[in-house]
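Protein chains in written order, with our numbering: chain A, 1 to 783; chain B, 784 to 1045.
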Amino acid sequence: MTYPDASSSNPHGQRQRDLDTFWSDLRNGIDQVYNKENINRQRYMQLYSCAYDYCANVSGDPNAKANEIPKPTKKPIKSANGKQGARFIGHELYKKIKDYLEAYLHGCRTKIIEKDLQDELLLDFYTKQWSDFRFSSKVLNGICQYLNRHWVKRKREEGNKKIFEICDLALVQWKEHMLTPLSNQVTRAILKLIEKERNGEVVNTGLIKTAIESFVQLGLKGSAPEHRLEVYSKNFATHFLAETNSYYTAESMLFLQENPVPEYLKKAEKRLQEEQERCAKYLHESTKSDLEHKCVQVLVEHHLHIFYAEFQNLLDNDKNEDIGRLYDLVVRLPAGLQHLKQLFEDHVLNVGLKAVQSCQESRDNVDPKTFVQALLDVYRKYQDLVHNYFQKNPIFVQALDKACTGFMNKNSVSEWSNNTGKSPELLAKYCNLLLKKSSRINPEEEELEGVLNNVMLIFKYITEKDVFQKFYRNLLANRLVNDTSVSHDLEGSMISKLKQECGFEYTSKLQKMYTDTHTSRDLNDRFQEYCSDNSPSDNMQGFSVMVLSDGSWPYSRPTSEFNIAPELRNIHDLFSQFYDKQHSGRKLSWLHHQSKGEVEWSRPKPKINHRFLCSTFQLSILVQFNHCDTLTFSELQSNTMIDKDKLDQLIKQLISFNVMKSESIKSDQEIQPTDDIQLNITYSNRKIRVNLAVPLKSESKQETEQAHQSVKDDRMLVIQACIVRTMKSRKQLKHSLLLAEVMQQLQNFQPSVAAIKKCIGILIEKDYIERMEGENDLYQYRA
Amino acid sequence: MNFPKKSSGSSKDRMIAKFMQLTATGEKTANFCLSVHGWKLEEACDYYFSNPEKYCRDHKQQILVDRKKIQHLFERYKDSNTDMVLVDGLLRFSQEIHLDVYSIDALIFNWKLGAAEQGQWSRDEFCNGLVALGCDSVEKLRQRICQLDNDIKQPQKFKDFYQYAFNFAKDTGSKNLNIEHAIQTWKIVLAGRFNLLEDWCTFLAQHDRRAIPRDTWNLLLDFALTINSDLSNYDDEGAWPCLIDEFVSWVRPKLEANNEMS
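As structure tokens, this is what we get:
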């Protein structure tokens, strides 16, 4: 017989009857399960054994099933009749259950069609059914555990992917008989609910959550990871994203038409927030990044041009909150910030330039304080913006740095003076204002410390730090020599700040000057002792000397001769003697042009006393008149040995102060050797102490120009030294590499390419380096 | 002397002819020099110019250079007080041999003599120079003068000559070449070799400049030889001396303006 029929043979017929009983029993049970009737433990066990019995009793067609049992299983099961040993035949039962489920689900579907459920009602029904179904299927799964463990397991191990565990089978059936026919309706219902929620209505999000869960679970845990979410994404996520796209496209367009951009920023921010919450509330996490991406695209990226225009507008009006909001939106786009950065940079630059322009009173006159304050204000303002509203984003920090370097160095002030060293000059002068004693009330020391820290903020951006160094040094020398520093501690602290920023070499001279003043104080004390020991007769009160180390101070040794006043000769020599004893081998040169003294001016009738504070030169001229009333210019010159031109200026200055007078001298003509000069006996002044030691006119302006010039001259030497150093260590170097190296090494100013080239030319001329024969852009060091 | 391979071609004949034309030598010299250097025309020329006497095989030339005659010539033009030909003698001599003292030929002539300073020739310079030129009489010199520009046809020779011109033109003792002399010399040396020569000289004249250093002088030749006349291949970032950079930025707008006009 080629077609054996299970029901036709007698023993089989007996078993068939058994099977039918088993099944009807089991079926009743399954009905109970799906009708959510209460099943007690006993009944459950009964059903379980029922399922077991069914499996154990089924004898499939030997021909058809022979290959199902190629070998005995590890865990033999004692079957009731024991004839064929353990046979795990579940096909029949599996099929019956499958059919049952199909019928059950068909029933559900029919209800939906009959009741014509739509939208929320449909969703309500669907989710309820789903929850019940899930629950019941789990129970069923438990009952059929035997089937799962043996027959299903074997089948799956053999590679049959169409056989599932009962619990999954239920899902598969749901997918096929509920979801597939209904998916459009269900998805539409979910999307409608979401739209309602987006429109601000309160909706039952539980429905959405359950429905979406059903999509996710229908992906089956057991399937390959990449397929697990197929059901979800195909039936829902794709539609959802498309819906989101069109919803927000429409909304943002409309909103922007009717509202100002700042309002839109708020709206967009809120929307992004909402969508994020939505995702957490009931969507699957896999949608999160897609959803965010989509929202950013629709809400931000599509309107970027409007954002850019608005950004400028907001910057102009200092709407920091809105700027921050705009930043928060745009930062979500990978390339979005580049343009904002550029706008920001340009804006800061412009504001900075305007600020400088407005503090410029006239072409030549810029008040250092106003200038520095203007720079600082702009910097502070935008640093605040970057810190608080741009989250210190490095892109914007960099943009701020670039803009600040721009306007702090090249601005209307530097343009008018045609000198990019103007900013460092003004900054150094501002430091001088801060650190110099003056008639106005100086701020407290701590407060000053803070102001100096602000100065350092600006200093960081100064490109020509060598100019600052030059001016700072000159002014520091003035403060120290004239003892006009507000506080020595502050001077020291400022120097260490500079050192921190620029290194030891930058401040080495300043540091030396600072320590010189300290050593000089000790020296003066010791000198006082020395005097009282050696020549107690002389009155050394009020005499003090500063010993400055050569090379550190911005003073050069005097080249012209000078006869110190005989009244001072004694103490002058005494100090020289003392110093020689203290330090043998050191040479003292007296910087008379930096020295000062006081002269007492007294006249018996009517009695008038004045004290003149004057330079040593003035002093030595004045004391000539202790012994006579009138002297000629040439007599004065031979007595003092002051250089003729200088003496000319000094005398004219004293005449202008009314201290001296002369019949024959005219201020616009050179003084003749024979011109007579007298003291102005009738001199009077309300003040007792009169300061005559003011710098000769035009000296200060010249000094400024000289300082700038000397910085420029120094630079050529610095560049050359740097080139020689580099070439010495590298022996041979390409032109472009040499340029790069030099640029990188020189920190205190930015040399122009032309300047470096000029220096290269000079060094070739001086035979320090040469071009390699046949390779014009390769230099070689010549030892 | 036999040259068995002569049959191998008219190409050799052509080469000999070319060699003779380039080096102003006779056939025997040409044949000898070319055969020594494997019949490579350029190479042979190079070697010939670097040491003409070694290769000279033309009897006429070799024998006819008579040192005594040359010494006589020197005596004729030398200054009565020193053992040198000075400006006065130099001018007479030049006139006699039909050498224009302001021409490039005069400069080449000085280069050939190895004259260390302008306006004077020492006895050694004069005599050895004339031997090297293969001339011992005014007539021969007149002939030789006409062929002098062959001596600077080779690029390397020209470079030597160009660099010699710097030394020759500058004042003894000074390192650099003063600007007027530089312009004059450039006008002579680079005429026909530098498309922007006019502009260059105008630029120099307009821009009050200090003297020209040797480096700038040397590099200008490279500039003249390698840079297109529209400056299209000039690299602003290159290692050119400042003066050339400045010239380029000065002349560029002019060139552009000219372009637009035409």
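Each residue gets a CB set at the ideal place from its N, CA and C atoms; glycine is no exception.
Asked: Whether N148 of chain A touches I166 of chain A by CB criterion (7 Å); Found: yes
Asked: Beta-ladder partner(s) of Q732 of chain A, from DSSP; Found: A:Q780
Asked: Rounded straight-line distance, which links the Cα of N35 of chain A to that of S24 of chain A; Found: 16 Å
Asked: Runs of alpha helix (DSSP H) wholly within the region 377-434 of chain A (minimum 4 residues, chain order); Found: 394-409 and 412-416
Asked: Terminal residues of the alpha helix (DSSP H) in which H990 of chain B lies; Found: Careful: H990 of chain B lies outside any alpha helix (DSSP H) and carries neither H nor E.
Asked: Burial state of I799 of chain B, where buried means 16 or more other Cβ atoms lie within 10 Å; Found: buried
Asked: Supposed contact pair V348 of chain A and A403 of chain A - C-beta distance, whole angstroms, cut 8 Å; Found: 4 Å
Asked: Residues that C614 of chain A bridges to, as DSSP identifies them; Found: A:G597
Asked: Cα-Cα separation, N320 of chain A to E195 of chain A; Found: 33 Å
Asked: Backbone CA spacing between T244 of chain A and A237 of chain A [nearest angstrom]; Found: 10 Å
Asked: D888 of chain B - DSSP class collapsed to helix/strand/coil; Found: helix
Asked: Cβ pair count under 8 Å reaching 3, the region 879-892 of chain B against the region 924-933 of chain B; Found: yes
Asked: Span separating the alpha-carbon of E447 of chain A from that of M494 of chain A; Found: 13 Å
Asked: Rounded separation between S793 of chain B and K923 of chain B - CA only; Found: 31 Å
Asked: Y282 of chain A classed as buried or exposed, judged by whether at least 16 other C-beta atoms fall within 10 angstroms; Found: buried
Asked: Chain-order list of residues whose beta-carbon lies under 7 Å from that of Y945 of chain B (same chain, five-residue window excluded); Found: V972 and L1004
Asked: Cα-Cα separation between R689 of chain A and D401 of chain A, rounded to whole angstroms; Found: 50 Å
Asked: Nearest-angstrom Cα separation, counted from N950 of chain B out to V914 of chain B; Found: 23 Å
Asked: Element boundaries [alpha helix (DSSP H), containing T865 of chain B]; Found: No alpha helix (DSSP H) holds T865 of chain B; DSSP gives it neither H nor E.
Asked: Secondary structure of W174 of chain A, DSSP reduced to three states; Found: helix
Asked: Chain B contacts made by the region 231-263 of chain A, where a contact means CB separation under 9 Å; Found: none
Asked: Near the ligand NAP: T616 of chain A beta-carbon under 6 Å from a heavy atom; Found: What this structure holds is no ligand at all, so the ligand NAP is not there to describe.
Asked: Chain A residues whose Cβ lies nearer than 7 Å to that of E1020 of chain B; Found: S736
Asked: Neighbourhood of E285 of chain A by C-beta distance below 8 Å, restricted to the same chain and skipping five residues each side; Found: C279
Asked: Burial state of L218 of chain A (16 or more Cβ within 10 Å); Found: buried
Asked: Contacts around S791 of chain B, its chain only, beta-carbon distance under 8 Å, and the 5 residues preceding and following it disregarded; Found: Per-residue confidence for S791 of chain B stands at a pLDDT of 49, beneath the threshold of 50, marking its modelled position as unreliable; the derived number appears in the next sentence. Within the same chain, S791 of chain B has no close Cβ partners at all.
Asked: 6 Å Cβ shell around V296 of chain A - same chain, five flanking residues per side excluded; Found: R332
Asked: Helix, strand or coil at R586 of chain A [DSSP, three-state]; Found: coil
Asked: Sheet register partners of E770 of chain A (DSSP bridge); Found: A:Q780
Asked: Chain-ordered residues of the region 563-589 of chain A with a beta carbon less than 9 Å from chain B; Found: none
Asked: Partners in chain E for E773 of chain A, counting only beta-carbon separations shorter than 9 Å; Found: The structure shown contains no chain E; its protein chains are A and B.
Asked: One or two residues paired with K436 of chain A in a DSSP bridge; Found: A:S485
Asked: Whether A693 of chain A touches K596 of chain A by CB criterion (7 Å); Found: yes
Asked: Closer than 7 Å at the beta carbon, the chain A residues around K942 of chain B; Found: What K942 of chain B touches in chain A: nothing, since even the nearest Cβ is about 10 Å away.
Asked: Interfacial residues, the region 976-1003 of chain B to chain A, with Cβ spacing under 9 Å; Found: P996, R997, D998, T999, N1001 and L1002
Asked: Inter-residue Cα distance where the pair is P606 of chain A and T630 of chain A; Found: 21 Å
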